[in-house]
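The opening position of the sequence shown corresponds to residue 1 in UniProt numbering, with each subsequent residue numbered one higher. Glycine included, C-beta positions come from ideal geometry on N, C-alpha and C. A quick write-up on the structure given underneath.
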Amino acid sequence: MDLSQPQSKTHQMSIEESFKRVTSYSEPGIQHNLLVKCLLYFICVDKQPFHVVNGRGFQRFIKQLSPSFKIPTMDTLKQELDDTYDLMVNIYKTKFGSDEMGHVALTSDNSVVQSDLLRSKQNASGIENPLKLILDVKTRWNSVYHMLERYIELSSIVHPILLQNPKAPLAPTAVELNSAKQLLNILKPVEYVTREVSGEKCATISKIIPLINCLRAQVMAVDETDSELVEVVKEALLKAIDDHFGNVEECHLVALACFLDPRFKNIHFSDPKAYANNISLLRRAINKDSSVSDTNSDSSTPTAYDFWSHHKVLAHGRHNNKRIALAGEREKDEIALYLANPVAPLYVDPLQQWEDMKHIFPSLYRQAQLYLLAPATSVPAERLFSEAGDTLTKTRNRLLGERMERLLFLSDCTEEDWQL
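What follows is the structure in structure tokens.
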């Protein structure tokens, strides 16, 4: 032992101190109350369900952490939540003043009353599943369209409710309501396009050029000459389409994905120069891929046995009259042979279609695997991020509205407010 170093003094607890420490973890000891408060804080802040305390893994963890701590039941935690909520509300009422809090409560209660009235009116009208009004959200696609659509759907019920409340905002006039209906006609194609490009389980990037062409045609077909508002919106939409997608065919990722989709091929291309450049790029990629494939042909793995390979060749017109008429090098040109086939129906899965055609167009098949798998938008990634929070919500779907309000309030309180 090194006597030159100062030795730390250790204090051995007395029997009385040891007994107090052990009993403090038992109800209603100081440590027990603190742990219950921490457990409630964990449920509120991390959005955990109350029945987490019944989990076998959670109980094993607490037993290992503190064997003498008795985990409170769900009912005890709910009562503790109500008591803590009342305490916190009184603290914030003192901070902000009773007048402001009364104003907030009045606004909230008034909104609930109107919502209940709207629900009861729908039930009286024979609507089994009452609907709610939808608000426009700047960061959410199509929210304007859905807001107008829902309001028009409930207008016959909403208007009488507004007339009964002298403080309610003015209801739209018959002319304004008619203009809203006309706006739906011109916004409907936009809503459809945004849903199509937001798919997750299908090829979406190949749809961009066809969707833009169809969207432009749909908007131009809207004929509402008696509405100046609709004409203004129509011109604005057409200008926005040209500004954002006027040169979309020059983007080789989008253009080649469209070309390699058996449902579209080259029928939606309108820029000959951009189309020629993209086909040249595709040919160079095929030639490069073919040279690499020839080099590695000896070490390639054997292809899987496919009994129906001959049928697939016949089904895609390998030996039809049009194909036989092709001579010389063109007979070996996969792109020309691919274009000679008719386009596939819209309901066909392009990736599955290529699995059937890969024996006929092996080089194009490899290129299709590169281009068709790219997503058209970032929506799938955003949905994946949102689903991380939705997983917890599904385990708390039996919460009452009042208790959910209290959980949300307490989850926003600081650790100082919780006195942790």
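Q. Hey, how far is the Cα of R216 from the Cα of A124?
A. The residue labelled residue 216 in the question sits at position 216 within the sequence shown. The residue labelled residue 124 in the question sits at position 124 within the sequence shown. R216 and A124: Cα-Cα distance of roughly 43 angstroms.
Q: Less than 8 angstroms between the CB atoms is what I'm expecting for W354 and Y41, so what's the real figure, rounded?
A: The residue given as residue 354 occupies position 354 in the sequence shown. The residue given as residue 41 occupies position 41 in the sequence shown. About 54 angstroms separates the two Cβ atoms, so there is no contact after all.
Q | Three or more C-beta pairs below 8 angstroms linking the segment 251 to 260 and the segment 192 to 200 | A | no
Q.
Pairs of beta-carbons, one from the segment 225 to 235 and one from the segment 335 to 354, closer than 8 angstroms: are there three or more?
A. no
Q: Tell me, please, whether the segment 402 to 410 touches the segment 74 to 92 by the rule of three or more beta-carbon pairs shorter than 8 angstroms.
A: yes
Q) If we call anything under 7 angstroms between Cβ atoms a contact, is F58 one with L77? A) In the sequence shown, residue 58 corresponds to position 58, counting from 1. In the sequence shown, residue 77 corresponds to position 77, counting from 1. No; because the gap between Cβ atoms is not below 7 angstroms, this pair is not in contact.
Q | Endpoints, the alpha helix (DSSP H) within which P189 is located | A | Taking the first residue of the sequence shown as 1, we reach residue 189 at position 189. 174 to 196 is the span of the alpha helix (DSSP H), which, as asked, contains P189.
Q: Find out if the Cβ-Cβ distance for the pair A174, L162 is shorter than 7 angstroms.
A: Taking the sequence shown and counting its residues from 1, the one referred to as residue 174 is at position 174. Taking the sequence shown and counting its residues from 1, the one referred to as residue 162 is at position 162. For A174 and L162, no; Cβs fall outside 7 angstroms.
Q) For A274 versus Q367, is the C-beta distance shorter than 7 angstroms? A) By 1-based counting over the sequence shown, the position of residue 274 is 274. By 1-based counting over the sequence shown, the position of residue 367 is 367. No; because the gap between Cβ atoms is not below 7 angstroms, this pair is not in contact.
Q: Drop a sphere of 10 angstroms on the beta-carbon of A203, count the other beta-carbons inside from all chains shown, and report buried for 16 or more, exposed for fewer.
A: By 1-based counting over the sequence shown, the position of residue 203 is 203. With 16 or more other Cβ atoms within 10 Å, it is buried.
Q | Among K201, D83, F69, R140, nearest to L372 - alpha-carbon criterion | A | Taking the sequence shown and counting its residues from 1, one reaches residue 372 at position 372. Here the closest residue by C-alpha is K201.
Q | Beta-carbon contacts of L3 that lie in its chain and below 8 angstroms, excluding the five residues immediately before and after | A | Stepping through the sequence shown from its first residue, residue 3 is reached at position 3. Below a pLDDT of 50, predicted positions are generally treated as unreliable, and L3, at 48, falls in that range; the measurement from the model is reported next regardless. Closer than 8 angstroms at the Cβ level, and outside the excluded window around L3, lies no residue.
Q | Alpha carbon of K179 to alpha carbon of F259, nearest angstrom | A | Here residue 179 refers to the residue found at position 179 when the sequence shown is read from its first residue. Here residue 259 refers to the residue found at position 259 when the sequence shown is read from its first residue. Correcting the residue type first, residue 179 is Ser in the shown sequence and not Lys. Roughly 40 angstroms between the two C-alpha positions.
Q) Hey, quick one: how far does the alpha helix (DSSP H) through Y365 stretch, first residue to last? A) Taking the first residue of the sequence shown as position 1, residue 365 is located at position 365. First-last of the alpha helix (DSSP H) with Y365: 362 to 371.
**Q.** Cα-Cα separation, S206 to G199
**A.** Locating residue 206 in the sequence shown gives position 206, where the first residue counts as 1. Locating residue 199 in the sequence shown gives position 199, where the first residue counts as 1. In a straight line, the C-alpha of S206 is about 12 angstroms away from that of G199.
Q.
Using the three-state DSSP reduction, which class does N157 fall into: helix, strand or coil?
A. If you number the sequence shown from 1, residue 157 lands on position 157. A small fix is needed here, since residue 157 is Ile in this sequence, not Asn. It is helical.
Q: Could you check what DSSP says for Q114 in three-state terms: helix, strand or coil?
A: For the purposes of this step, residue 114 is taken as residue 114 along the sequence shown, with counting starting at 1. Helix.
Q: Helix, strand or coil for H51, going by three-state DSSP, please let me know.
A: Start at 1 with the first residue of the sequence shown, and residue 51 comes out as number 51. Helix at H51.
Q.
Taking the straight line between their C-alpha atoms, what separation do you get for E149 and L370?
A. Here residue 149 refers to the residue found at position 149 of the sequence shown. Here residue 370 refers to the residue found at position 370 of the sequence shown. Each residue's Cα considered, the two are about 39 angstroms apart.
Q | N- and C-terminal bounds of the alpha helix (DSSP H) containing I212 | A | In the sequence shown, the residue the question calls residue 212 occupies position 212. Run containing I212: 208 to 221, per the alpha helix (DSSP H) assignment.
Q: Would you grab the beta carbon distance between I209 and E249 for me? Rounded to a whole angstrom, and I think it's under 8 angstroms.
A: Taking the sequence shown and counting its residues from 1, one reaches residue 209 at position 209. Taking the sequence shown and counting its residues from 1, one reaches residue 249 at position 249. Right, their Cβ atoms sit about 6 angstroms apart.
Q) Hey, L238 and V219: beta-carbon distance below 7 angstroms or not? A) For the purposes of this step, residue 238 is taken as residue 238 along the sequence shown, with counting starting at 1. For the purposes of this step, residue 219 is taken as residue 219 along the sequence shown, with counting starting at 1. Yes, Cβ-Cβ distance for L238 and V219 is below 7 angstroms.
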